[in-house]
Amino acid sequence: MADAKAGAGNAIVGMGRGSYAMLLAFFLGPAVVIYTVFSIYPLFATIFNSLYLRQPDGAYLFNGLGNFQTLLTDTTWSVPFWNAFRNNCYFFFIHMLVQNPIGLALAAMLSLPRLRLRATYRTLIFMPTMLSVVIIGFSWQLILSPLWGISKMFLNALGLGFLFAPWLGQESTALITVSLISVWQFVGIPMILIYTALLAIPEELIDAATVDGLNQFQAFVWVKLPLIFPTIGLVSVLTFVNNFNAFDLIYAMKGALAGPNFSADIMGTLFYRTFFGNQLQLGDLSMGSTIATMMFLIILVGVMCYLFLIQRRMQRYSF
Amino acid sequence: MSEVKIEKLCKSYGPVEVLKDINLTVGDGSFVVLVGPSGCGKSTLLRSIAGLEPVNSGNMTIGGRQVNDLPPAQREIAMVFQSYALYPHMDVYNNMAFGLKFAKTPKAEIEARVNEAARILQLEPLLKRRPRELSGGQRQRVAIGRAIVRKPQVFLFDEPLSNLDAALRINTRVEIAKLHKMLKATIVYVTHDQVEAMTLADKIVVMNKGRVEQAGKPLELYYKPNNLFVAGFIGSPAMNFLPAQVKKGGILALSDGQELKAALPSSCKAGDTVTLGFRPEHMTLGGAGKFALTGIIDIIERLGESGFAHVRLPSGHTVVAEVRGDPRTGSGQSAKLTFDADYLHIFNAEGQRLD
Ligand SMILES: Nc1ncnc2c1ncn2[C@@H]1O[C@H](COP(=O)(O)OP(=O)(O)OP(=O)(O)O)[C@@H](O)[C@H]1O
Ligand SMILES: [Mg+2]
Numbered sequence: 039m040a041d042a043k044a045g046a047g048n049a050i051v052g053m054g055r056g057s058y059a060m061l062l063a064f065f066l067g068p069a070v071v072i073y074t075v076f077s078i079y080p081l082f083a084t085i086f087n088s089l090y091l092r093q094p095d096g097a098y099l100f101n102g103l104g105n106f107q108t109l110l111t112d113t114t115w116s117v118p119f120w121n122a123f124r125n126n127c128y129f130f131f132i133h134m135l136v137q138n139p140i141g142l143a144l145a146a147m148l149s150l151p152r153l154r155l156r157a158t159y160r161t162l163i164f165m166p167t168m169l170s171v172v173i174i175g176f177s178w179q180l181i182l183s184p185l186w187g188i189s190k191m192f193l194n195a196l197g198l199g200f201l202f203a204p205w206l207g208q209e210s211t212a213l214i215t216v217s218l219i220s221v222w223q224f225v226g227i228p229m230i231l232i233y234t235a236l237l238a239i240p241e242e243l244i245d246a247a248t249v250d251g252l253n254q255f256q257a258f259v260w261v262k263l264p265l266i267f268p269t270i271g272l273v274s275v276l277t278f279v280n281n282f283n284a285f286d287l288i289y290a291m292k293g294a295l296a297g298p299n300f301s302a303d304i305m306g307t308l309f310y311r312t313f314f315g316n317q318l319q320l321g322d323l324s325m326g327s328t329i330a331t332m333m334f335l336i337i338l339v340g341v342m343c344y345l346f347l348i349q350r351r352m353q354r355y356s357f
Numbered sequence: 051m052s053e054v055k056i057e058k059l060c061k062s063y064g065p066v067e068v069l070k071d072i073n074l075t076v077g078d079g080s081f082v083v084l085v086g087p088s089g090c091g092k093s094t095l096l097r098s099i100a101g102l103e104p105v106n107s108g109n110m111t112i113g114g115r116q117v118n119d120l121p122p123a124q125r126e127i128a129m130v131f132q133s134y135a136l137y138p139h140m141d142v143y144n145n146m147a148f149g150l151k152f153a154k155t156p157k158a159e160i161e162a163r164v165n166e167a168a169r170i171l172q173l174e175p176l177l178k179r180r181p182r183e184l185s186g187g188q189r190q191r192v193a194i195g196r197a198i199v200r201k202p203q204v205f206l207f208d209e210p211l212s213n214l215d216a217a218l219r220i221n222t223r224v225e226i227a228k229l230h231k232m233l234k235a236t237i238v239y240v241t242h243d244q245v246e247a248m249t250l251a252d253k254i255v256v257m258n259k260g261r262v263e264q265a266g267k268p269l270e271l272y273y274k275p276n277n278l279f280v281a282g283f284i285g286s287p288a289m290n291f292l293p294a295q296v297k298k299g300g301i302l303a304l305s306d307g308q309e310l311k312a313a314l315p316s317s318c319k320a321g322d323t324v325t326l327g328f329r330p331e332h333m334t335l336g337g338a339g340k341f342a343l344t345g346i347i348d349i350i351e352r353l354g355e356s357g358f359a360h361v362r363l364p365s366g367h368t369v370v371a372e373v374r375g376d377p378r379t380g381s382g383q384s385a386k387l388t389f390d391a392d393y394l395h396i397f398n399a400e401g402q403r404l405d
């Protein structure tokens, strides 16, 4: 065994430069090629495109950062852009304030020692995450429909009919409704991640806390919670990245116009309309790329802030 | 007074009975060690005393106070866990102070107690460190410190030394013995290690399959084991057992025809089947003891100042005898084993000691 290993080591040491390169290419090549073709190239092509402006004759002219200036200052572009940005932030905050706390609470409940039917709950809560967004969007549209939606009948049956409103159709409620549906769909992800982290905490630590006089809830807050901060940080970053890349649920429920009056418009839908065009709006490669680059930058800045400001101060614990 | 009294304690997990009718008294200031094979319920008993496991029936008092329905924190106990269970996100000081803070102890008092414990355990230079910046032995001391600051009536230790290396284990064992003297603490201590049990304990409790087999002073268990289980469990290498038949006139006949003559206890009747037990260190290779057995030496394990000869008797049983020095005899040779009748243990067919 040891001999075989040493033999393999010698084989690499004694290898010619050429054959070593071949070996590297053999093992790393496929990953590098796929990653380059589907990730690195599109990213750079997008940034490249955002620097050019389409002339009326169809030619592309280098425009420097002009497109960005247009996007941020020319009201034709900046109003929808800032609207989408604001909505997207709102979308993100709702996830942070609703999805992650609920995910945490569910994980805490799942890890209660005396819980029965644990696996059933876990699967049920995780189920929506596995369903197609189109199905989710369509189902909820039916549920919330003012004409035949079950939610209206349900509220009526409880004598709470006056509470019903066409939530998806009102400018004031469309975004929050879509956000909450997205929360409902994805709450299983923070739950599973946090649940796994909670499982890694040894029982004896909680026993020690119990002997120290803490009840289950206090032990959770003072012992378990600090130990899973790294996971909560990770969940937050995942939420941020996913939310600023979100598109499908809103497109499935509200179409590309994310109406009424763009009230549910987020970066993804804005980009889609701009790049591919929609109804009377013509597709615009340059401005579309500019928006895509802005999305990339926003996410980059967010993730960097997390990495440098938060993660560096956090410690991972091994037990 | 911090006497622990356990009466008729029973505990089961579902249909599995883990503790069966445990009766145990831990005197004020005494050091009681629980030993027994893996899975016999030592940890469960300790955790029941701590209040970490609910019990099915029975009565527990600590310092005269019934504690059955009290939560762990109000039982005035402190527990040291096998994995130390230090809070990884707190420094040493806070690990020790955490419980006191929750009990709303005044700040000055907390500081005084933690500093005192740190002084006793030589943890003063480490107070600002996190557990992961400590060695195993240091973590162990912090865990003990966390127990000391609670000023409990009873300390509970669950295999506290099993994660330490051999040298450190001996050191810490001595430390714990000193600590026990200094604090005059009442201690219940679980271990797998015979030496720990023999050296630390005022009283050893041997458990097997959820029952207490015997409780008593270490040497009492060693020289007068109540039954076969205790006899085989205490002592290393284990006691030798040989089946024998009682014959008329105080003769014990082994299955291979060898005979021993002894002053038999009155409860022994001719025709009884008994088990004889004798410890390796009470047997000599050669020599002129009153009793003698002959067999062939299989192997001699030499440890330096002494060794263990494994001798196969004609009946096929193997007996282990301690040999002093460096005997000339070697494997394959026939040997005569002699031993003193005073050290012969006789057990009846049910495995109970006959006296
Ligand atoms: N949560 C549980 N559910 C069911 N059975 C359990 C549970 N905890 C322990 N047991 C059983 O109870 C018995 C006693 O366990 P315990 O941990 O007290 O043994 P122990 O004497 O401490 O063993 P060890 O020396 O290996 O630590 C074992 O047979 C174990 O399988
Ligand atoms: Mg145990």
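Protein sequences, first through last, are from chains A and B.
Quick note: the first sequence uses our numbering, first residue 39, plus one each step.
Quick note: the second sequence uses our numbering, first residue 51, plus one each step.
Using N, Cα and C, we set each Cβ at its ideal position, and we do this for glycine too.
Proximity to G299 of chain B across B:S316, B:P293 and B:F358 peaks at B:S316, based on C-alpha coordinates. In this structure, B:V245 is the residue among B:L233, B:V245 and B:E209 with its C-alpha nearest to the C-alpha of I220 of chain B. Under the Cβ criterion (8 Å, minimum of three pairs), the segment 255-275 of chain A does not count as touching the segment 115-135 of chain B. Put simply, the CB of E242 of chain A is near chain B, with a gap under 8 Å to one of its CB atoms. Boundaries cannot be given for V117 of chain B, as no alpha helix (DSSP H) includes it and DSSP labels it neither H nor E. By the Cβ-count criterion, T328 of chain A is buried, with 16 or more other Cβ atoms from all chains shown falling within 10 Å of its own Cβ. Under the three-state reduction of DSSP, I304 of chain A is assigned to coil, being neither helix nor strand.
Here DSSP, grouped into helix, strand and coil, assigns Q203 of chain B to coil. The beta carbon of Q353 of chain A sits closer than 8 Å to the beta carbons of P268 from its chain, once the five residues preceding and following it are set aside; these are given in chain order. Taken from the Cβ of S149 of chain A, every heavy atom of ligand 1 lies 7 Å or farther away. Counting along the chain, T241 of chain B sits inside no alpha helix (DSSP H), nor does DSSP assign it H or E at all. Selection B:K151, B:Q203 and B:F148 evaluated against T111 of chain B yields B:Q203 as nearest (Cα-Cα).
Going by DSSP, C60 of chain B is part of the beta strand (DSSP E) stretching over V54 to Y63. In this structure, the straight-line span from the alpha carbon of K201 of chain B to that of E126 of chain B is close to 8 Å. Per the coordinates, the alpha-carbon of N253 of chain A lies some 13 Å from the alpha-carbon of P151 of chain A. Residue list for ligand 1: B:Y63, B:V68, B:S88, B:G89, B:C90, B:G91, B:K92, B:S93 and B:T94 (CB closer than 5 Å to any heavy atom, chain order). L387 of chain B and Y393 of chain B have their C-alpha atoms some 14 Å from each other. With contacts defined by Cβ atoms closer than 8 Å, C60 of chain B and L74 of chain B do not form a contacting pair. When DSSP states are grouped into helix, strand and coil, T113 of chain A belongs to the helix group. Linking I284 of chain B to V76 of chain B through their CA atoms gives a straight-line distance of about 20 Å. Of all residues in the segment 130-159 of chain B, those with a C-beta nearer than 7 Å to a C-beta of chain A are F131, S133, A135, Y137, P138, H139, F148, G149, F152 and A153, reading in chain order. Ranked by how close their Cα comes to the Cα of G89 of chain B, the residues B:G260, B:S305, B:G336 and B:L363 have B:G260 in first place.
By the rule that beta-carbons nearer than 8 Å mark a contact, L155 of chain A does not touch chain B.
If you ignore the 5 residues before and after R223 of chain B, its C-beta comes within less than 7 Å of the C-beta of L211, E246, T249 and L250, all in its own chain and listed in chain order. DSSP places P293 of chain B in the uninterrupted beta strand (DSSP E) bounded by N290 to K297. In the structure shown, H360 of chain B adopts extended strand secondary structure according to DSSP, grouped into three states.
At a cut-off of 8 Å between beta-carbon atoms, P122 of chain B makes contact with chain A. Contacts with chain A at 8 Å (Cβ-Cβ) include A100 of chain B. Residues of chain A whose Cβ lies closer than 8 Å to the Cβ of A128 of chain B are, in chain order, V249.
For P268 of chain A, none of the residues of chain B pass the 7 Å Cβ criterion, the least Cβ distance being about 11 Å. Residues K190 and L193 of the same chain have their beta carbon placed closer than 8 Å to that of G199 of chain A, with the five preceding and five following residues left out of the count.
In this structure, E355 of chain B has its beta carbon at no less than 7 Å from each heavy atom of ligand 2. Using a cutoff of 7 Å, the CB of V240 of chain B counts as near ligand 2, since one of the ligand's heavy atoms is closer than that. For I230 of chain A, the CB contacts under 7 Å within the same chain, skipping 5 residues up- and downstream, are F164 in chain order. For the pair I349 of chain B and H332 of chain B, the CB atoms are not nearer than the 8 Å cut-off.
When 7 Å is used as the limit between beta carbons, V261 of chain A is near these residues of chain B: Y137, in chain order.
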